[in-house]
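2 protein chains.
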Amino acid sequence: MMLNDLCLDTSVVILGSGGVATSLARALDDTVGYSVRQIFSPHLAHAEALAGKLAVAEAIDRVEDMIPDADIVIISVTDDAVAQLVASLIPRPDTLWLHTSGSLPASILATLGPRYGVLYPLQTFSRSREVRMARVPIFIEASTDEAMVTLRRLADNLSDTVHEADSERRRRLHVAAVFACNFANHLWAIADELLTADGLSFDVLVPLLKETLEKAADDNPSDGQTGPARRGDRSVMEAHQAMLSPANAEIYRLLSQSIISRYDSL
Amino acid sequence: MMLNDLCLDTSVVILGSGGVATSLARALDDTVGYSVRQIFSPHLAHAEALAGKLAVAEAIDRVEDMIPDADIVIISVTDDAVAQLVASLIPRPDTLWLHTSGSLPASILATLGPRYGVLYPLQTFSRSREVRMARVPIFIEASTDEAMVTLRRLADNLSDTVHEADSERRRRLHVAAVFACNFANHLWAIADELLTADGLSFDVLVPLLKETLEKAADDNPSDGQTGPARRGDRSVMEAHQAMLSPANAEIYRLLSQSIISRYDSL
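In order, the protein sequence lines correspond to chains A and B. Note that this note's numbering has the first sequence beginning at 884, numbered continuously upward. Note that this note's numbering has the second sequence beginning at 884, numbered continuously upward.
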């Protein structure tokens, strides 16, 4: 009698079918030693769409249908939905329970058993865009040293860059990401609006932005800082502010002031 | 008797040896029909370093040594240095005189002859990083329709993306680039500082930023806006501001307010 390969694999159930769930499920499905057994979504069609892309996964829309012996359960739903989903699950002491949120504490899973933690991939995901998980930095936290061993092995199999980060560190990381990602994207939206008003499009800035990001990544952002505020060019800064709406002029003024202070450029 | 190939080519002299001059010289050197004949720099070693990478260019450090019959002269020095360099040149009516600045008016070249204009590549250049000029949007302006024909042919040979832009339009473009590039880079510098204080580095954000930029380029930045301000998540925004220095908290507050206003997310 031979053992079925599936019996030797670490069995994984994924609760969720959004961007993070999709990327994790597909990456795990390609990883030797792991087997994604079930995808749960309250919308069966969503669960089926993702399960259909995987080797052996079953789609379910009721948590009661979860296999009882999963080694790892990954909860990957919106932050707001985690608590309610957790309340509907049956606690199991041998399962490693994980969520994938940068904002929620690990302890939100404590009612499910002694082995729980966080696997937080620092990336923006969507169902329609494939992301190479190996390049995504993953931040992990576990309830016990023993749970950390299982979690660390999982994370190392998924990504080349794994850091431990408790709730406090994830919070600080999140603030940094808000500046670097959310706020930068908003400045791009303002630029897009200015260009569109002029019959141009954001496209003309993309090569410049890609090169600026490459430079920032190769060296660091401070070394690559350029522009009127960095040069302390008052006349250009004043002319620019006069061309802007009051709200955008205020952003221009404050960020220029921040640059001037940092580099002592006036 | 055969004409020398060089005699059939459009002859180009480049005044300057910095990042823009280097990228333009190398791109023109690879373009059939153009011949870069001289590189000028007040530092002969700089001129020689660039000329040495080109097919037939001579390095000069005195503008008096310029060939008198150049079809095109490209002035690619820092904005501050253009006026003084222009004053030292001998006017020639048949030469097309160009500068490469986004900020200076074309008319700064008007004393040199009737044919002048601007060839402004919207990119950040440095001597040490090769940039594929074909991908760089170029903005052009010429003093006459006839000069525009010569300039348009030159620009179309260099780049896949060429737009006409007078001084006013270049100024508006520059404001957009300050938001999208200079200010975004400064936000990355702030994020870098926050991460470094936490024993991490800017590297952990780079995959997220690359993906965010790809999304903004494929769709547009507004569609991809995420984060606490976009969701109107007051408690997270307040917690974040409490973790920041007063100066950074003020940037956080103003940019969040701008996002909330734009998307009406509170």
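Glycine is no exception: its CB is placed at the ideal position from the N, C-alpha and C atoms.
Quick one: Cα of A:Glu1133 to Cα of B:Val956, how far? Cα-Cα distance, rounded: 41 Å.
Tell me which residues share the same chain as A:Leu1149 and place their Cβ nearer than 6 Å to its Cβ, disregarding the 5 neighbours each side in the sequence. These residues qualify, in order along the chain: Gly1115, Ile1143.
Hey, which unbroken runs of the alpha helix (DSSP H) at 4 residues or more fall wholly within the segment 1015 to 1089 of chain B? Segments of the alpha helix (DSSP H) lying fully in the segment 1015 to 1089 of chain B: 1028 to 1041, 1050 to 1060, 1067 to 1080.
Does DSSP put B:Gln1140 in a helix, in a strand, or in coil? DSSP places B:Gln1140 in helix when its eight states are reduced to three.
Mind checking which residues open and close the beta strand (DSSP E) that includes B:Val919? In the DSSP annotation of this structure, the continuous segment of the beta strand (DSSP E) that includes B:Val919 starts and ends at 917 to 923.
For a contact defined as C-beta to C-beta under 8 Å, what are the partners of A:Met1016 on chain B? Under the 8 Å cutoff, chain B gives no residues; its nearest Cβ is about 10 Å from A:Met1016.
Would B:Gly842 be called buried (16 or more neighbouring beta carbons within 10 Å of its own) or exposed? Residue 842 of chain B falls outside the range modelled here, since chain B spans only 884 to 1149, and no answer is possible.
Does the distance from the CB of B:Ser959 to the CB of B:Ala904 come in under 8 Å? Taking 8 Å as the Cβ cut-off, B:Ser959 and B:Ala904 qualify as a contacting pair.
Can you check DSSP and say which residues form a bridge with B:Ile1134? According to DSSP, which records beta bridges pairwise, B:Ile1134 is partnered with nothing at all.
Inter-residue Cα distance where the pair is A:Glu1029 and B:Leu1091: Their backbone Cα atoms lie some 30 Å apart in a straight line.
Compute the distance between the beta-carbons of A:Leu1041 and A:Ile1023, then report whether it is under 8 Å. Cβ atoms of A:Leu1041 and A:Ile1023: not closer than 8 Å.
Measuring straight from C-alpha to C-alpha, what distance separates B:Val946 and B:Phe1066? Cα-Cα distance, rounded: 38 Å.
At which residues does the alpha helix (DSSP H) containing A:His1123 begin and terminate? Going by DSSP, A:His1123 is part of the alpha helix (DSSP H) stretching over 1117 to 1125.
Residue interval of the beta strand (DSSP E) (run including B:Pro1004): Here the beta strand (DSSP E) through B:Pro1004 covers 999 to 1004.
A:Ala949 to B:Trp1071 span [Cα, whole Å]: For the sequence presented, residue 949 of chain A should be read as Met rather than Ala. Taking the straight line from one Cα to the other gives about 43 Å.
Compare the C-beta of A:Asp1081 against all C-beta atoms of chain B and say whether one is closer than 8 Å. True, the Cβ-Cβ gap to chain B drops below 8 Å.
A:Gln1006 CB to nearest chain B CB: under 8 Å? It does: the Cβ of A:Gln1006 has a partner Cβ on chain B nearer than 8 Å.
Could you tell me the alpha carbon to alpha carbon distance between B:Arg1053 and B:Val1119, rounded to whole angstroms? If you draw a straight line from the Cα of B:Arg1053 to the Cα of B:Val1119, it comes to about 39 Å.
With a cut-off of 8 Å on the beta carbons, I'd call A:Val919 and B:Pro1111 a contact; round off their distance for me. With 8 Å as the limit, A:Val919 and B:Pro1111 do not qualify as a contact, their Cβ atoms being about 31 Å apart.
Do you know offhand how far B:Glu931's Cα is from B:Val939's? Their backbone Cα atoms lie some 12 Å apart in a straight line.
Please report the straight-line C-alpha distance between A:Ser1141 and B:Gly899, rounded to a whole angstrom. Cα to Cα, A:Ser1141 sits roughly 32 Å from B:Gly899.
Thinking C-alpha only, which one of A:Arg1012, A:Arg998, A:Arg1055 is nearest A:Met1031? When the alpha-carbon of A:Met1031 is set against those of A:Arg1012, A:Arg998, A:Arg1055, the nearest one is in A:Arg998.
Thinking C-alpha only, which one of A:Ala966, A:Ala953, A:Gly1000, A:Asp892 is nearest A:Gly916? It is A:Asp892 whose Cα lies nearest to the Cα of A:Gly916.
Using 8 Å for Cβ pairs, my map puts B:Val1087 next to A:Leu1005. What's the rounded Cβ distance? Indeed they touch by this definition, with Cβ atoms about 6 Å apart.
Can you tell me which residues form a DSSP beta bridge with B:Thr1109? By DSSP's assignment, B:Thr1109 forms no beta bridge with any residue.
Using three-state DSSP, classify B:Val946 as helix, strand or coil. Helix, per DSSP.
Between which two residues does the beta strand (DSSP E) containing A:Leu987 stretch? Taken as a continuous stretch (DSSP letters only), A:Leu987 belongs to no beta strand (DSSP E), as it is neither H nor E.
Throw me the rounded Cβ distance for the A:Leu1002 and A:Ala970 pair, which I believe falls under 8 Å. Between A:Ala970 and A:Leu1002 the Cβ distance is about 21 Å, and since that is not below 8 Å, they are no contact.
A:Ser894 - containing beta strand (DSSP E), residue span: Membership of A:Ser894 in the beta strand (DSSP E) is indicated by the continuous run 893 to 898.
Among A:Met1126, A:Asp1106, A:Asp1102, A:Thr1079, whose alpha-carbon lies nearest the alpha-carbon of B:Ser1105? Comparing Cα positions, the closest option is A:Thr1079.
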